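First comes the structure, then the notes that go with it.
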Amino acid sequence: MDMPTPNPDVLRRKALVQQRLLKVLPEDAVIHDPAETRAYECDALTAYKCPPMLAVLPSTTQEVSDVLRICCEEGVPVVPRGSGTSLAGGALPTADCVILGVARMNEVLEVDYDNRFIRVQTGRTNLSVTGAVEEDNFFYAPDPSSQLACAIAGNIAMNSGGAHCLKYGVTTNNLLGVKMVLMDGSVVEIGGTHLDSGGLDLLGVVCGSEGQLGVVTEATLRILRKPEGARPVLMGFDDNEVAGQCVSDIIKSGILPVAIEFMDTLCIRACENFAHAGYPDCAALLIVEVEGSDAEIDYQLSKIIEIAKRHNPVELRESQSAEESAKIWLGRKSAFGAMGQLNDYMCLDGTIPVSALPEVLRRIGEMSEEYGLPVGNVFHAGDGNMHPLILFDANKPGDLEKCEAFGADILKLCVDVGGCLTGEHGVGIEKRDLMSHQYTPADLEAQMTVKDVFDPKWLLNPAKVFPLSASEARRNALMAAE
Amino acid sequence: MKPETEAELAEIVADLKEPVRIAGGGTRGVAGPGTTIETSGLSGITLYEPGALTIVAKAGTPVAEIEAALEAEGQQLAFEPMDHRGLLGTVGEPTIGGVVAANISGPRRIQAGACRDFLLGVRYVDGTGRVVKNGGRVMKNVTGYDLVKLMAGSWGTLGVLTEVSLKVLPKPEATAAMAVQVPDAATAIQTLSAALKSPFEVSGAAYDPQTGRALLRVEGFTDSVAYRVDQLKSVLSDSGEIDEAEQPADLWRALRDVTAFHGQDGDVWRISVKPTDAPDIAARLQAYQTLFDWGGGLIWALASKATDLRARLGVHDGHATLVRVDAATADALGRFQPEPAGFKALTKGLRQKFDPRGLFNPGLMG
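Quick note, the sequences are listed as chains A and B, same order.
Counted from 1, the first sequence has number 384 at position 368 by the numbering used here; the numbering is strictly sequential.
Counted from 1, the second sequence has number 269 at position 230 by the numbering used here; the numbering is strictly sequential.
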């Protein structure tokens with residue numbers, strides 16, 4: 017993976033930048049010792065590592081503003097970091113950058129049930145947002161698999177989703193407002209506790225901008241009352257295509273499950289060994305969950321089961337208890353960990369139209385043979401968000417490259433059938449150079465002009481999202497000017 | 040000018056020498072003098088997959104055509120776009136591009152989300168005549184920046200939409216509405232809030248001060264609707280006398296289209312607020328008439344002409360838009376809420392990038 021050559025002029029001024037940062041931050045908030053900056057050398061895309069020049073851990077919006085102003089003045093790139101759980105390399109440093117971690121900013125600032133929102137500092141983890149309101153039977157809906165660790169800052173940067181977004185939407189649909197610091201240190205408030213923008217929807221474009229437009233320090237999030245209950249049904253099929261057809265039939269029937277999750281044989285076996293969820297051994301497994309009162313759940317599940325039966329399932333099991341439900345979900349939610357026990361893997365995130373599911377699964381199977389690398393498929397079938405997991409051996413020379421080429425082919429396939437490169441993980445560095453497959457130069461130019469407005473010097477997380485060749489002139493403009 | 044294809048539109052824009060107005064069906068009340076580019080020539084549903092809950096249509100496609108196609112499959116535009124014709128006295132055929140450009144969402148916005156939340160992808164021609172696409176036709180897509188949301192509600196000022204793709208949802212099997220008789224706005228908002236805080240999935244929450252009724256809508260499968268109505272009755276038993284409202288579909292269409300203000304003299308304002316602020320804010324407006332939607336989060340106000348209601352609002356979290364107004368007042372007060380300096384610098388910068396020659400609906404959004 018190519019990254020830009022570090023700016024030698026910036027590296028030379030490390031001591032000066034460090035000194036200036038120490039004037040606005042407490043000593044323990046400026047990390048400069050190479051032994052310690054190494055802790056920030058990668059995120060959850062561990063194949064790529066590069067220790068930053070410095071890392072800072074501000075505690076207030078004012079401190080964030082001071083850091084950004086100084087870095088802007090010094091021409092130092094800044095890579096914002098939530099909890100470092102990005103699977104796309106969104107928080108991967110460059111050697112000449114300052115990592116700005118928001119982990120120390122994790123307070124709940126306001127909870128308002130009458131208006132159904134919570135205001136938090138963005139270093140707070142996703143799960144602990146729900147944790148702050150769950151005693152009162154409320155929750156924050158987006159639930160990425162990493163929710164125990166991932167920060168709201170990163171969720172906003174990547175517009176994170178989760179298993180339950182078929183019903184509740186992704187981060188952007190649950191974000192009401194932000195306080196954001198721009199690269200020049202100025203602070204803007206966008207949105208708030210009301211609905212929708214009175215002017216242009218800046219909130220919409222900030223969410224999912226991968227930390228390239230500003231650093232969000234506070235967020236107002238929509239919270240929802242917990243449903244009375246939820247219950248999954250597990251169904252197994254001996255054919256992927258049939259499972260795909262079943263998903264489409266359920267959606268067409270007028271029922272809107274909160275989640276429809278899909279796993280293939282390789283994942284089913286790995287998850288079963290790991291979590292002992294009682295999964296059947298078959299070609300394709302669906303977990304379909306509905307919500308409501310007991311009677312509502314019974315009714316919806318009976319309709320879903322009726323549809324499933326038409327597709328000759330090899331297993332059809334409605335959860336009988338909260339314990340069983342938890343077990344069924346534990347299996348699914350530990351899929352990534354379970355696959356990690358088999359080998360190293362690369363997790364993809366393309367989205368496809370649900371109707372293309374059978375074709376795409378078949379092609380992935382064929383490519384797996386061609387590349388000689390096994391693939392497990394686990395994904396959010398209701399919205400077509402796939403997560404093919406390509407297994408490889410990081411210690412085997414050439415395997416990573418082969419895996420990357422395979423991954424790129426899968427993502428191109430997703431685009432070619434009418435889908436996209438990434439449904440919820442973000443582009444980061446991982447899919448950066450594939451953007452040209454989905455977008456024309458004019459499409460990319462339109463997106464890059466947005467960054468021109470928010471961050472004219474292209475200092476915030478500059479080497480991400482756009483193909484390096486496309487962003488090169490903008491990134492180098494500053495160096496050239498000096 | 041009425042281009043028949045996207046390519047023709049792109050050529051027209053590239054050759055423009057002076058500013059233009061952008062119109063879909065011209066029903067949303069922002070038409071002005073001068074040359075107009077009409078998108079109604081770009082019409083037709085290009086793809087509809089009920090099993091994937093997605094529809095793609097050219098921008099000039101009549102909303103009615105889309106709703107008919109969805110109806111045939113038991114689906115709908117869940118954000119419930121309003122028809123402005125009755126309120127504004129406009130004629131013409133509302134288009135899907137117009138709905139998107141204005142981010143038009145109705146009562147169900149409180150539960151299902153706004154138009155922008157259902158918008159999956161756009162194609163548009165920017166101010167230099169360049170064709171740009173963003174997003175796509177799948178429900179989860181974080182590939183690059185989300186210009187889709189930026190285009191929703193940009194009122195044509197960033198580009199001329201040529202095609203939009205939308206997520207659709209199943210149409211509910213049954214709908215019920217309940218009316219709670221309340222003494223004042225404060226009690227009304229408390230009542231709506233109590234319902235919205237319950238797990239019984241309210242899909243409409245309005246208050247009509249003229250009748251003193253707080254109105255709630257429940258949708259879904261027949262048995263489920265009956266159950267939730269019963270549950271809500273017990274949650275709200277202390278709020279006031281509760282009736283089930285007749286003909287819920289008509290009731291909610293009237294709320295969606297603000298029928299109460301039709302044919303009445305005065306300016307019409309649309310004010311987005313924090314719901315619990317609504318009673319105080321509404322009192323400060325000194326309006327002829329008000330109507331509350333979105334659990335109090337949206338106030339419709341009918342007020343004396345050429346009056347700056349924003350000045351009466353004071354500092355609050357939200358914004359006020361002039362929906363029905365004469366041209367002189369629109370010029371004097373601005374249709375859209377003035378933006379704070381930092382925010383304005385960003386929106387101005389974006390307009391300058393998307394439409395560097397300032398051709399599209401100049402002055403409309405500030």
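For each residue, glycine too, the CB sits at the ideal point set by N, CA and C.
Owing to the predicted nature of the structure, the values given are computational and were not obtained by experimental measurement.
Other residues of its chain near residue i: CB distance less than 7 angstroms, five sequence neighbours each side excluded
i      : result
A/K183 : L272 and V274
B/A342 : G305, D306, W308, L324, A326, Y327 and L348
A/L192 : F133, G207, G208, T209, T236, L237 and R238
B/P89  : E112 and Q114
A/N131 : T209
Length of the line joining the Cα atoms of residue i and residue j
i      : j      : result
B/K383 : A/K343 : 50 angstroms
B/V171 : A/K418 : 33 angstroms
A/P24  : A/D112 : 8 angstroms
A/S452 : A/C430 : 14 angstroms
A/L32  : A/D415 : 42 angstroms
A/L364 : A/K428 : 12 angstroms
A/L218 : A/P472 : 17 angstroms
B/D332 : B/Y246 : 6 angstroms
A/K242 : B/P238 : 6 angstroms
B/T386 : B/K313 : 23 angstroms
B/V297 : B/G128 : 12 angstroms
B/G243 : B/L254 : 8 angstroms
A/H292 : B/G251 : 57 angstroms
A/L332 : A/E340 : 14 angstroms
B/A108 : B/I94  : 10 angstroms
A/V263 : A/N401 : 13 angstroms
A/E488 : A/D468 : 13 angstroms
B/L69  : B/A367 : Here the sequence assigns Val to residue 69 of chain B, which means Leu is not the residue at that position. In a straight line, the C-alpha of B/V69 is about 13 angstroms away from that of B/A367.
A/G91  : B/R390 : 27 angstroms
B/D293 : A/E244 : The sequence shown places Ala at residue 293 of chain B, not Asp. Their backbone Cα atoms lie some 32 angstroms apart in a straight line.
A/D265 : A/M251 : 14 angstroms
B/A234 : A/C298 : 44 angstroms
A/D159 : B/A53  : 45 angstroms
A/A157 : A/E150 : 12 angstroms
For residue i: DSSP bridge partner residues
i      : result
A/R238 : A/F133
A/H396 : A/E277 and A/N401
B/Q249 : For B/Q249, which the question treats as bridged, DSSP gives no partner whatsoever.
B/I431 : Any question about residue 431 of chain B goes unanswered here, given that chain B covers just 40 to 405.
B/T93  : B/E88 and B/K206
A/Q35  : For A/Q35, which the question treats as bridged, DSSP gives no partner whatsoever.
B/R60  : B/T75
A/P248 : A/E305
Interface partners of residue i on chain B, CB under 7 angstroms
i      : result
A/P273 : Near A/P273 there are no residues of chain B at all, since even the closest Cβ is about 11 angstroms away, more than 7 angstroms.
A/D459 : V171, K172 and N173
A/G177 : K179
Cutoff 8 angstroms; reference residue i; Cβ partners in own chain excluding five residues on either side
i      : result
B/E77  : M40, K41, A62, G63, G65 and G99
B/V268 : A215, M217, V257 and E283
Neighbouring residues, chain A, relative to residue i (Cβ below 9 angstroms)
i      : result
B/N418 : Because chain B spans 40 through 405 in this model, residue 418 of chain B falls outside it and cannot be assessed.
B/S232 : Y129, D130, N131 and R132
B/Q115 : Chain A residues near B/Q115: none, gap ~11 angstroms exceeds 9 angstroms.
Residue span of the alpha helix (DSSP H) that contains residue i, given as start and end
i      : result
B/H358 : From DSSP, B/H358 is part of no alpha helix (DSSP H) but of the beta strand (DSSP E) over G357 to R363.
B/T230 : A224 to L235
A/F482 : Note, A/F482: premise wrong, no alpha helix (DSSP H); not H, not E.
B/R349 : L348 to L352
B/K179 : No alpha helix (DSSP H) contains B/K179, which DSSP labels as neither H nor E.
B/T261 : T261 to V274
Same chain, Cβ closer than 6 angstroms to residue i, neighbours up to 5 away in sequence not counted
i      : result
A/M355 : A286, Y361, G392 and L405
A/V499 : There is simply no residue 499 of chain A to check, as chain A begins at 17 and stops at 498 in what is shown.
Within chain A, partners of residue i - CB distance below 7 angstroms
i      : result
B/L235 : R132
Start-to-end residues for the beta strand (DSSP E) that takes in residue i
i      : result
A/W345 : No beta strand (DSSP E) contains A/W345, which is instead part of the alpha helix (DSSP H) from A338 to K349.
B/V161 : L158 to V164
B/I281 : I281 to A284
A/L332 : E331 to E334
Contact list for residue i against chain B, beta-carbon separation under 8 angstroms
i      : result
A/Y129 : K236
A/P374 : Under the 8 angstroms cutoff, chain B gives no residues; its nearest Cβ is about 12 angstroms from A/P374.
A/I206 : F382
A/N142 : The premise fails here: A/N142 is roughly 16 angstroms from chain B at the closest Cβ pair, so nothing lies under 8 angstroms.
Any non-hydrogen atom of the ligand PLP within 6 angstroms of residue i CB
i      : result
A/G260 : Here there are no bound small molecules, and the ligand PLP is not part of this structure.
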